[in-house]
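Residue numbers (this note's numbering): 148 to 411.
All C-beta atoms in this analysis are idealised placements derived from N, C-alpha and C, irrespective of residue type, glycine included.
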């Protein structure tokens with residue numbers, strides 16, 4: 148006599164097993180998404196824009212939450228603007244407003260600085276003055292004869308062929324200035340190297356770093372230079388004629404690093 152045994156499945160056990168499987172799949176998917184984001188595989192959204200303003204300009208002021216800024220000489224009577232927007236969650240916003248002959252540009256990020264930036268490339272008449280500030284990004288300003296004030300909280304600063312009064316600050320990043328004929332120069336960084344190369348004899352140079360080398364190269368000057376070069380931890384090298392009564396003054400200092408003042 149044969150006996151047939153029938154096993155009845157427990158619905159609660161079946162539901163639990165299915166739910167556990169779904170949970171594992173969700174966790175695996177979430178982990179993959181997080182890993183992709185952390186490893187940089189998640190590509191941001193991008194958008195490129197261009198615009199030309201055809202009107203007189205004497206000054207440009209830029210304030211950016213995040214993004215690189217490049218300002219260089221262009222045709223007189225117009226301002227050429229190229230923008231590259233990048234974001235992961237929320238799109239950055241910008242405003243470009245005119246007040247007389249002053250153009251003011253402001254960039255904001257809804258998510259703060261995370262995954263958001265607007266990179267600007269701007270062409271302006273050579274003689275205008277520039278004031279540029281970015282919380283996070285590199286600054287590149289060149290071939291201008293007006294006064295320049297450039298500041299970044301974190302990023303490199305590159306300056307080339309300037310003639311007007313020059314002021315630049317970086318909270319964390321190198322400062323490089325070449326072909327400078329400005330009479331007054333003031334460059335400083337909290338952490339990074341300062342490299343200044345002048346093509347004209349200055350009246351006043353101030354350069355400083357909280358942690359990094361400071362190098363100043365100046366052309367020969369018959370009346371010499373009044374030089375003050377200081378470092379708390381590093382080498383001090385002065386290779387120009389140091390004349391205390393000279394009207395041409397150079398101040399170079401760093402808290403930790405080498406200081407060099409030499410001929411160009």
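Coil, strand or helix - residue i by DSSP
i           : result
residue 225 : coil
residue 412 : Given a span of 148 to 411 for the chain in the structure shown, any question on residue 412 remains unanswerable.
residue 338 : coil
residue 343 : strand
residue 404 : coil
residue 368 : coil
residue 386 : coil
residue 302 : coil
residue 291 : coil
residue 413 : For the chain, the structure presents residues 148 to 411; residue 413 sits outside this window and is missing.
residue 333 : strand
Beta-ladder partner(s) of residue i, from DSSP
i           : result
residue 296 : 278 and 314
residue 206 : 249 and 276
residue 219 : 270 and 289
residue 214 : Partner(s): none; residue 214 has no beta bridge.
residue 232 : 194 and 265
Other residues of its chain near residue i: CB distance less than 8 Å, five sequence neighbours each side excluded
i           : result
residue 311 : 276, 291, 292, 293, 294, 295 and 329
residue 250 : 200, 204, 206, 207, 208, 226, 243 and 244
Own chain partners of residue i with C-beta closer than 7 Å, once the 5 adjacent residues on each side are dropped
i           : result
residue 368 : 348 and 395
residue 338 : 319, 357, 358 and 359
residue 274 : 292 and 293
residue 377 : 400 and 406
residue 303 : 285, 320 and 321
residue 234 : 191, 192, 262 and 263
Length of the line joining the Cα atoms of residue i and residue j
i           : j           : result
residue 351 : residue 332 : 6 Å
residue 334 : residue 215 : 19 Å
residue 247 : residue 236 : 36 Å
residue 298 : residue 282 : 8 Å
residue 371 : residue 342 : 20 Å
residue 325 : residue 191 : 34 Å
residue 391 : residue 373 : 5 Å
residue 280 : residue 365 : 28 Å
residue 313 : residue 321 : 16 Å
residue 266 : residue 402 : 33 Å
residue 398 : residue 221 : 33 Å
Same chain only: Cβ atoms within 6 Å of residue i, ignoring 5 sequence neighbours per side
i           : result
residue 417 : Residue 417 cannot be examined here, being either before or after the span of the chain that is shown, 148 to 411.
residue 179 : Annotation note: pLDDT 47 at residue 179 (below 50); position unreliable, coordinate value reported separately. Taken in chain order, the list of residues that qualify is empty.
residue 256 : 212, 213, 239 and 263
residue 269 : 218 and 228
residue 405 : 360, 381 and 382
residue 172 : Residue placement at residue 172 is flagged as unreliable, the pLDDT there being 46, under the threshold of 50; a coordinate-derived value is accordingly withheld.
residue 194 : 232
residue 272 : 223
residue 289 : 219, 307 and 308
residue 384 : 407
residue 499 : No statement about residue 499 is possible, as the shown extent of the chain runs from 148 to 411 and does not include it.
Start and end residues, beta strand (DSSP E) containing residue i
i           : result
residue 400 : 396–401
residue 194 : 192–200
residue 284 : Segment: none, residue 284 is in no beta strand (DSSP E) and carries neither H nor E.
residue 348 : Element bounds for residue 348: n/a, residue is neither H nor E.
residue 321 : Counting along the chain, residue 321 falls outside any beta strand (DSSP E), and DSSP gives it neither H nor E.
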